[in-house]
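This report concerns only the one structure given below.
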Amino acid sequence: MPSNNKAYEIADAVADRLSFVELVERLARLRRYLRQEEELGERPHRDVIRVFLGGVEGLLRSLDPYADLLASRQPLDAYERMSFARRVTTLFSLFVELHAQLSHLRGTWARPESQLFIENVRHLLAAGRLPEGIPVVLHNEYSFEQDDLASGLKSLFLGNGVSLQLPLERPTVFLPKAEHENPLYWANLAHECGHIDRTGIEQLISDPTLFPAQATELERATLKRWAEELYCDLFALKVLGPAYLVAFLAFTLLESDLFAGEYGSSTHPPDIVRICMMQRVLENRGLHIPLQGELADFRDIARLYYFACESRSRTLRRQYQKQGESGFLSACVPPQHYAEMSGPILTQCVDNIIDRIDQAVQNEHELKSEDFARIERLAGRLADGILIGSYPDEIAVAKCLAEIWTNSEPPEAGSANYQGDVKPSKEAFERLKGVIQEVRTTPWEIINAGWLHKIQVIHSEAFGVFFAGDGSLLKKIDQFDDRLRASDDVLLKSIEVAQIHKAFERRKQ
Amino acid sequence: MSTAVEMTTDTDLASLADMVVADLALMRRKQRKPDHGLDRGIELCTRLAQPIPVATLAASPAAGPDASRRQLRADADPATKWQPPSSEEVHRLRKDFEDIYEENVEIRDEDLTRIQEFVVRVTTLSWQERTRDFQQRRLKRALKQQSL
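Protein chains in written order, with my numbering: chain Z, 1 to 509; chain F, 510 to 657.
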């Protein structure tokens with residue numbers, strides 16, 4: 001059984017490399033989006049796009065010394081790690097700034113597969129919890145959001161004496177443009193769908209016993225807003241399992257900055273609270289996707305990213321000085337840890353939310369540990385470039401063939417009906433026909449298998465490319481992006497194929 | 510060398526410092542020649558001694574027009590107890606860089622660590638300000654988005 005100690009020992013090195021690769025991926029995806037735009041536009045448009053491409057490539061090039069540094073066998077010391085952690089924050093912030101400028105470009109519409117993904121999230125819940133056809137809109141901000149476009153517009157216009165004939169509500173989810181063909185990050189949209197489930201949210205936050213009695217009015221008001229966010233996290237977790245937590249952690253890994261994910265805001269609880277809550281729920285339910293090989297010490301995909309985030313937080317936190325101490329790099333917790341919230345009250349509230357979540361979010365199918373049995377095999381198929389929209393039930397096929405072999409009479413050699421070693425009965429033949437039909441996979445399986453494939457195969461290759469040997473960094477990034485694009489294509493097609501299977505299943509019914 | 514100057518023209522103090530630390534780290538690992546990054550190191554010393562830009566001064570009426578960048582930073586957040594480098598310290602840092610990049614001078618690990626520590630420490634507040642600035646801009650955009 002791998003120990004935490006071993007994971008801690010290697011966490012810093014893995015965290016630095018993971019931050020590097022995740023940052024490169026964001027930039028490579030933005031570059032890919034821009035190149036796609038470039039192909040579509042007229043010449044003046046292409047000239048504008050080239051300015052953006054210059055910005056992305058400048059950011060990519062400025063990572064060059066860090067690639068060399070991380071390739072070294074000599075581990076980074078505390079100051080070097082601090083410099084790298086700060087550099088990641090700075091470059092990610094510049095990426096966010098650049099992304100916000102995409103409003104100057106024409107812009108393409110969201111991919112239809114993202115719409116399918118949201119529809120599938122809806123189908124995983126009890127009927128009527130989410131409205132049909134929630135639109136996915138590509139967004140200039142690098143953030144995942146949800147908004148009700150109809151009521152927002154109506155209230156804006158009505159305030160100026162203009163009444164509109166619009167539908168009562170038009171809840172919409174927003175996806176950053178750079179992630180428009182990255183289904184693994186779409187997991188974050190499941191959280192946004194949670195905000196649309198007003199029934200579940202109201203059921204949870206209207207319960208007076210949710211908030212500890214000793215909470216002050218101010219704490220109660222803050223907890224109410226935070227409870228909605230925590231609800232949405234558990235909503236997404238119940239629909240997608242570990243894939244949501246990993247997508248959240250991957251985002252946090254880059255986004256955590258000065259406050260290292262340990263500060264709450266008036267609307268959102270600190271990231272660390274959300275992460276620990278989700279980890280606890282996954283552990284309680286035995287939902288995990290184990291890692292193999294060099295990463296086995298982290299046990300599963302979510303814990304790998306958790307260790308990476310924790311390592312980065314530890315580094316960034318060291319910039320604070322303890323009261324009365326002049327020493328630099330003395331790790332300590334920043335003041336106002338949870339922004340006007342007492343720790344025990346928050347803990348109790350989170351416990352209460354976990355206790356009530358199954359009542360509030362009602363899934364059509366509750367994820368169980370046995371549901372994850374085939375994720376590893378699906379990831380294996382992805383590594384071979386095979387679509388995973390459906391999956392052969394090899395065990396059932398083997399069982400059926402064994403039965404046929406055991407129960408069938410061998411045909412007479414040389415007879416006109418001789419077709420093989422055995423002649424199955426009509427019933428056995430029909431049964432075999434049934435089991436060799438591939439089973440449809442669900443989007444949560446596709447996304448979880450996609451994450452496992454990315455971590456075990458794509459990252460492993462990327463570490464080899466970026467942190468070993470010489471060569472131009474931009475060429476290495478091209479190679480990495482080719483690999484990502486191939487994986488995206490297989491995942492997107494798999495989502496589509498699973499949907500086709502689903503449509504045929506409905507027709508049969 | 511001219512490339513390094515171009516790269517640092519528009520970077521802030523902390524970003525520059527982070528690149529300097531990376532340069533020194535590569536040198537320690539013998540992955541870079543000692544002359545690489547000299548411009549960046551010297552540029553950092555110059556920037557550490559620079560007066561504060563007028564636009565930033567205007568945000569703090571308490572600071573007079575002659576207030577140094579370092580003094581204003583120290584006033585801005587006394588809780589951090591940030592001590593700006595003195596002119597002697599900046600001078601010494603410049604000398605360190607010149608020594609490092611001088612040919613035939615042996616570079617000792619402890620010297621590199623000392624310089625890296627100094628560079629990271631003196632630019633921490635600059636980095637914190639930069640991060641807050643990014644956060645504020647992000648928040649502003651989010652609020653604008655919500656109002657639509």
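Backbone N, C-alpha and C define an ideal beta-carbon position, used for all residues, glycine too.
Here the structure is a predicted model, which is why all the values come from computation and not from measurement.
For residue 158 (chain Z), none of the residues of chain F pass the 8 Å Cβ criterion, the least Cβ distance being about 14 Å.
Counting the other CB atoms within 10 Å of its CB gives residue 243 (chain Z) a total of 16 or more, which places it among the buried residues.
Residue 246 (chain Z) places its beta carbon less than 8 Å from that of residue 305 (chain Z). Counting of Cβ neighbours within 10 angstroms places residue 142 (chain Z) among the buried residues, the total reaching 16 or more. The beta carbon of residue 629 (chain F) sits closer than 8 Å to some beta carbon of chain Z. For residue 604 (chain F), the closest alpha carbon among the candidates F:618, F:624, F:619 is that of F:624. At a cut-off of 8 Å, the C-beta of residue 24 (chain Z) has no neighbouring C-beta in chain F.
Residue range 64-71 is occupied by the alpha helix (DSSP H) that includes residue 65 (chain Z). Listed along chain F, the residues sitting closer than 7 Å to residue 89 (chain Z) by beta-carbon distance are 640. DSSP lists Z:138 as the bridge partner or partners of residue 175 (chain Z). Taking a beta-carbon distance threshold of 8 Å, residue 243 (chain Z) does not count as an interface residue toward chain F.
Under the three-state reduction of DSSP output, residue 370 (chain Z) falls in the helix class.
Contact between residue 83 (chain Z) and residue 629 (chain F) holds: CB atoms are separated by about 6 Å, below the 8 Å threshold. For the region 119-141 of chain Z, the set of positions with a beta-carbon nearer than 8 Å to some beta-carbon of chain F reads 141 in chain order. Residue 447 (chain Z) and residue 127 (chain Z) have their C-alpha atoms roughly 23 Å apart.
At a cut-off of 8 Å, the C-beta of residue 79 (chain Z) has a neighbouring C-beta in chain F. Between residue 346 (chain Z) and chain F, the shortest Cβ-Cβ separation is not below 8 Å. For residue 74 (chain Z), the residues of chain F that pass the 7 Å Cβ criterion are 538, in the order they occur in the chain.
Residue contact check for residue 69 (chain Z) against chain F: a CB pair falls below 8 Å. The region 450-483 of chain Z is shown to contain whole alpha helix (DSSP H) runs of 4 or more residues at 460-466, in chain order. No Cβ of chain F is located within less than 8 Å of the beta carbon of residue 225 (chain Z). Judged by DSSP in its simplified three-state form, residue 423 (chain Z) adopts strand.
The C-alpha of residue 138 (chain Z) is placed about 11 Å away from the C-alpha of residue 103 (chain Z).
Contact of residue 86 (chain Z) with chain F is assigned, a C-beta pair being separated by under 8 Å. Sequence-distant Cβ neighbours of residue 18 (chain Z) in its own chain, meaning closer than 6 Å and more than five residues away, are 308. Interface criterion met: the Cβ of residue 257 (chain Z) is under 8 Å from a Cβ in chain F. For residue 257 (chain Z), there is no enclosing beta strand (DSSP E), as DSSP marks it with neither H nor E.
Here DSSP, grouped into helix, strand and coil, assigns residue 228 (chain Z) to helix. Taking C-beta atoms as the reference points, residue 388 (chain Z) and residue 401 (chain Z) fail to come closer than 8 Å.
According to the DSSP assignment, residue 147 (chain Z) belongs to no alpha helix (DSSP H) but to the beta strand (DSSP E) extending over 145-148. In this structure, the beta-carbon distance from residue 69 (chain Z) to residue 534 (chain F) falls below 8 Å.
According to the DSSP assignment, residue 604 (chain F) belongs to the alpha helix (DSSP H) that extends over 596-610.
For residue 96 (chain Z), the nearest beta carbon of chain F is closer than 8 Å to its own beta carbon. For residue 535 (chain F), the residues of chain Z that pass the 7 Å Cβ criterion are 65, 68, 69, in the order they occur in the chain. Going by beta carbons, residue 197 (chain Z) and residue 124 (chain Z) fall outside the 8 Å limit.
Between residue 148 (chain Z) and residue 122 (chain Z) a beta carbon distance of about 16 Å is seen, past the 8 Å cut, so the two are scored as non-contacting.
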